[in-house]
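Below is one structure; the comments refer to it alone.
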Amino acid sequence: MESVIVAIDGPSGTGKSSTSKAVAAKLGLSYLDTGAQYRAITWWMITNGVDVDDADVVASAAGKPTIVSGTDPSHPTITVDGVDASGPIRTQEVTSKVSAVSAVPEVRTRITELQRSIAASAEHGIVVEGRDIGTTVLPDADLKIFLTASPEARAARRSGELKGADVHATREALIKRDAADSSRKTSPLAKADDAVEVDTTQLTLQQVIECVVTLVEEKRAAA
Ligand SMILES: Nc1ncnc2c1ncn2[C@@H]1O[C@H](COP(=O)(O)OP(=O)(O)OP(=O)(O)O)[C@@H](O)[C@H]1O
Ligand SMILES: Nc1ccn([C@@H]2O[C@H](COP(=O)(O)O)[C@@H](O)[C@H]2O)c(=O)n1
0 MESVIVAIDG PSGTGKSSTS KAVAAKLGLS YLDTGAQYRA ITWWMITNGV
50 DVDDADVVAS AAGKPTIVSG TDPSHPTITV DGVDASGPIR TQEVTSKVSA
100 VSAVPEVRTR ITELQRSIAA SAEHGIVVEG RDIGTTVLPD ADLKIFLTAS
150 PEARAARRSG ELKGADVHAT REALIKRDAA DSSRKTSPLA KADDAVEVDT
200 TQLTLQQVIE CVVTLVEEKR AAA
């Protein structure tokens, strides 16, 4: 198999980004962080005064920003209307509002088209991570992985990242975001029937990376 398409989905904090970047770098593949695209459109809505709780207004604005994702796993980038958005999309305000924006069907249609065109143009293949990649965006992906981990492990990982953040509050916030992402009508967070589930609770990041690399190599060998 010359080019390979890998879909990695799962709830928040399960290790999708860290794993996907490392696997892509190791195998010479491109990398796409689809959560960053939903964060980028949310950031644009906020900075342009759009009420993100008004789905009709969000829908009519969905086509306005130009979002560009750079797919080098050692230096992923994201711009909105030509402006580097990699910092602003990680604020607490964006994190708390992104699920409302990403639930709007017109937003999903727009971002899904963008994701498919990026995947189609990746010469050597790509690792695409998100919530609905295996189920909706790339249903014919060569390999689908669904990462999981206990809420406690995920909260501890995130609190370590946010230095000093309260673990209980972090746990509640990620459970709330997962619930919103899993219960939306259009393309919810879900495991594809043919995805391999990997519970990362007791695994180091290195072990998860090795597990996914092995699964990709097995697929390539079988092709
Ligand atoms: N197996 C692991 N063991 C310990 N820490 C891990 C593991 N996997 C990832 N991490 C750490 O957990 C944090 C969250 O990981 P990451 O951002 O990759 O998750 P994610 O699933 O992409 O999250 P989100 O969907 O919220 O963007 C990071 O600090 C990362 O280094
Ligand atoms: N395929 C996807 C990816 C992400 N989302 C939404 O974006 C939010 C942020 O994702 P992170 O991975 O950066 O945490 C996420 O909570 C979802 O609302 C999505 O809908 N589909």
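The letter at position 137 of the sequence shown is residue 136 when you use numbering that gives the first Met the number 0, and the numbering goes up by one with no holes. All C-beta atoms in this analysis are idealised placements derived from N, C-alpha and C, irrespective of residue type, glycine included. Quantities reported herein were computed from a predicted structural model and do not represent experimental measurements.
Where residue i sits in the DSSP three-state scheme
i	result
Ser16	helix
Ser29	strand
Ser181	helix
Leu142	strand
Ser186	coil
Gly69	strand
Val51	coil
Glu1	coil
Thr147	strand
Ala194	coil
Ala6	strand
Gln201	coil
Lys175	helix
Residue i, buried or exposed, once every other Cβ within 10 Å from all chains shown has been counted against 16
i	result
Gln201	exposed
Asp193	exposed
Ser182	exposed
Ala178	exposed
Val175	According to the sequence provided, residue 175 is Lys. The question's Val does not apply to it. Exposed, by the Cβ-count rule.
Ala119	exposed
Pro138	exposed
Arg109	buried
Gln36	buried
Asp52	exposed
Gln114	buried
Val166	exposed
Val97	buried
Cβ neighbours of residue i in the same chain (closer than 7 Å, five flanking residues each side left out)
i	result
Gly34	Gly129
Ser17	Leu204
Pro84	Strictly speaking, residue 84 in this sequence is Ala, with Pro absent from that position. Hits under 7 Å: Ala39, Trp42, Ile77, Thr78.
Ile117	Leu31, Ser68, Thr70
Supposed contact pair residue j and residue i - C-beta distance, whole angstroms, cut 8 Å
i	j	result
Asp32	Ile132	In fact, because the Cβ distance is near 11 Å, the residues do not count as touching under 8 Å.
Leu214	Leu142	6 Å
Trp43	Pro64	4 Å
Ala6	Ala121	Not confirmed; about 13 Å, so no contact.
Thr78	Val67	5 Å
Thr199	Thr147	7 Å
Lys25	Val195	About 18 Å separates the two Cβ atoms, so there is no contact after all.
Residue-level contact to chain B via CB, residue i, 9 Å cutoff
i	result
Ala172	The structure shown contains no chain B; it is built from a single protein chain.
Residues of its chain near residue i, where Cβ-Cβ distance is below 6 Å and the 5 sequence neighbours each way are ignored
i	result
Thr169	Ala154, Arg157, Ser158
Lys190	Phe145
Ala54	Val103
Leu188	Arg130, Asp180, Ser181
Pro87	Trp42
Arg107	Thr185, Ser186
Proximal residues to residue i (C-beta, below 8 Å), its chain only, five neighbours per side dropped
i	result
Arg89	Arg38
| task | Note down, one range per segment and in chain order, each beta strand (DSSP E) of at least 3 residues found wholly within the region 74 to 134. | result | 76 to 79, 124 to 129
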